[in-house]
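Just below is one structure, and these are the notes that go with it.
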Amino acid sequence: MYSAPPTILRSTLSDSLVLTLQSCRLTTRLLQSVHAQILINDLLCSAPLLDAFTSSCFRSHCSHYASLFLRSLPDPQPSLWNSSVCMSLQSEKFPSFFELYGGMLLNGVSPRKTTLSAVLRSCAAHSATRFGEAFHSYILKVGYDSDVILQTGVRNSERQS
Numbered sequence: 001m002y003s004a005p006p007t008i009l010r011s012t013l014s015d016s017l018v019l020t021l022q023s024c025r026l027t028t029r030l031l032q033s034v035h036a037q038i039l040i041n042d043l044l045c046s047a048p049l050l051d052a053f054t055s056s057c058f059r060s061h062c063s064h065y066a067s068l069f070l071r072s073l074p075d076p077q078p079s080l081w082n083s084s085v086c087m088s089l090q091s092e093k094f095p096s097f098f099e100l101y102g103g104m105l106l107n108g109v110s111p112r113k114t115t116l117s118a119v120l121r122s123c124a125a126h127s128a129t130r131f132g133e134a135f136h137s138y139i140l141k142v143g144y145d146s147d148v149i150l151q152t153g154v155r156n157s158e159r160q161s
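Per full-length UniProt numbering, the sequence shown starts with residue 1, numbered consecutively.
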């Protein structure tokens, strides 16, 4: 019967995997190998490792794999969802963001102000006026309309559309 390694060994393994993700040229096979190590060694509670893994998926243009990974987590932290949405907007094509954003909402995670600001910038950059208007409506609905960063994002998206 397999048992997970002790806490100290898990911490060292987690740090080692984070360094691997940050320093290596990543392929899908390496990402799958790290994913297997996360599951086998019960490292799902290591927030830095999970964040490094999802950001590596986006850097390697494997956003679909990152989305599947996030959905497979038993209880992903809201910060992991929000940072993943922002990374998907920066590193992938605009339409792939919707799958991840929808998964975040389905898991009951609300977007942070920084996430909404990134979405507005991306809508403006991709001339996605309809989506920008929908996010602007959401900003008004949740009461973020007085936030300076979001006001700037709304103005920029209106100016570019």
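C-beta: ideal position from N, C-alpha, C; glycine also.
Treat the numbers as computed from the prediction; the structure is a model and nothing was measured.
Following the DSSP letters along the chain, one finds residue 60 in no alpha helix (DSSP H), marked with neither H nor E. DSSP places residue 64 within a helical segment (H, G or I) once states are collapsed to three.
Listed in chain order, the non-local C-beta contacts of residue 85 below 8 Å within the same chain comprise 97, 100, 101, 104, 111, 115, 118 and 119, local neighbours out to five positions each way being set aside. The residues 113, in chain order, have a CB closer than 6 Å to that of residue 147 in the same chain once the five nearest residues on each side in sequence are set aside.
Per DSSP, residue 26 is not a residue of any alpha helix (DSSP H), being assigned neither H nor E. Exclusion of the five residues before and after residue 136 leaves 154 as the residues of its chain whose Cβ lies within less than 7 Å of its Cβ. Secondary structure at residue 77: coil, using DSSP grouped into helix, strand and coil. Note on residue 109: 16 or more other CB atoms within 10 angstroms of its CB, so buried under the neighbour-count rule. Taking a C-beta distance under 7 Å as the contact criterion, residue 72 and residue 49 do not qualify as a contact pair. Separation of residue 34 and residue 159 (C-alpha to C-alpha, rounded to the nearest whole angstrom) is 43 Å.
Each residue's CA atom was taken as its position, placing residue 42 and residue 20 some 18 Å apart.
Contact between residue 66 and residue 18 is absent: CB atoms are separated by about 16 Å, not below the 8 Å threshold. Following the DSSP letters along the chain, one finds residue 45 in no alpha helix (DSSP H), marked with neither H nor E.
Taking C-alpha positions only, residue 59 is separated from residue 91 by approximately 7 Å.
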